[in-house]
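Let me begin by presenting the structure, written as structure tokens, before commenting on it.
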Amino acid sequence: MKMLSEVITPSLRDQLHEIEGDIAQDMTMIMRDEAGGLKEELRQQVTGAGMGARLARTWQAQVYPKGGRSLNPAGYVYSKAPQIIQAFTEGATIRPVNGGKWLWIPTGNVPARRRAGNYVSSMGRRASGTKMTPEEVELHFNAELDVVIEGGKGLAFINAVAGLRGGYRQATAGRVAGRRNMSPRKAKPVLMFTLVKTVKMPRLFELDAPARRAAARIARRMADRWS
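Residue 0 is where the sequence shown starts when you use numbering that gives the first Met the number 0, and the numbers rise one by one after that.
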């Protein structure tokens, strides 16, 4: 009885190697295509939920091996903001940390940071364009927040005057009395934060079903190509 290695001629071995390479090329191409398609579908979930393009772009796709082809390539689709994605996938309940009693939810009246690290805050350095923390609001307006608790919820106000170009400004003596031929502006309490004990995040994203559909498409495309 002859061994299989004795039956396979060099020519046949070359043909088998070429076929194997073609299969690996197709498999890697399909994996790259479907990983990219899954990434785009997940990005569309984010924008469709009104979460914005910035969060959507955190979804990334990678195929291994990176620089070659394989009979068993791996597609990896992941988010650079996994905690946010997980919260809106599982419907997580957000609670205060470090012994805090309340979650401070900023209203539209809270100014955005013009640059990172404007003020000293227990929250540490935070990105520009994001809402100020309660500490930063007090520093910005040079006043203390007035907190009213009722029925298990709270409201936090600060005395401020209306800005000439919208928003609110610090209630300085000059602004209240009027200066530089400007009319006096009355200081009034402005709602800055609502206080709640927990926040239930809605379930906005579905990750498992798109991944299963992508895997099924990979198997179907390979069967169609090589059956």
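Where a beta carbon is used, it is the ideal one built from N, C-alpha and C, also for glycine.
Which of helix, strand or coil DSSP assigns to residue i
i	result
W225	helix
G36	helix
A213	helix
E149	strand
A155	strand
F192	strand
L206	coil
L144	coil
V227	Residue 227 cannot be examined here, being either before or after the span of the chain that is shown, 0 to 226.
V198	strand
Delimiting residues of the beta strand (DSSP E) encompassing residue i
i	result
G173	Run containing G173: none in the beta strand (DSSP E); it sits in the alpha helix (DSSP H), 172-176.
R168	167-169
V62	58-63
L163	Per DSSP, L163 belongs to no beta strand (DSSP E) and is neither H nor E.
A73	73-78
P105	102-105
Cβ pair residue i, residue j closer than 8 Å
i	j	result
M221	I29	yes
A34	R42	no
L154	T193	yes
T88	R202	yes
T129	R112	yes
R224	D25	yes
T92	T197	yes
K187	N141	no
Beta-carbon separation (whole angstroms), residue i vs residue j, contact threshold 8 Å
i	j	result
T200	F156	Here residue 200 is Met; the residue named in the question, Thr, does not match the sequence. Going by Cβ atoms, the distance from M200 to F156 rounds to 27 Å, so no, they are not a contact pair.
G177	R168	About 14 Å separates the two Cβ atoms, so there is no contact after all.
T132	R68	T132 to R68, Cβ: 51 Å. No contact.
V189	W101	No, V189 and W101 are not in contact; Cβ-Cβ is about 19 Å, not under 8 Å.
Boundaries of the alpha helix (DSSP H) in which residue i is found, first to last residue
i	result
R53	52-55
T129	Element bounds for T129: n/a, residue is neither H nor E.
A91	Counting along the chain, A91 falls outside any alpha helix (DSSP H), and DSSP gives it neither H nor E.
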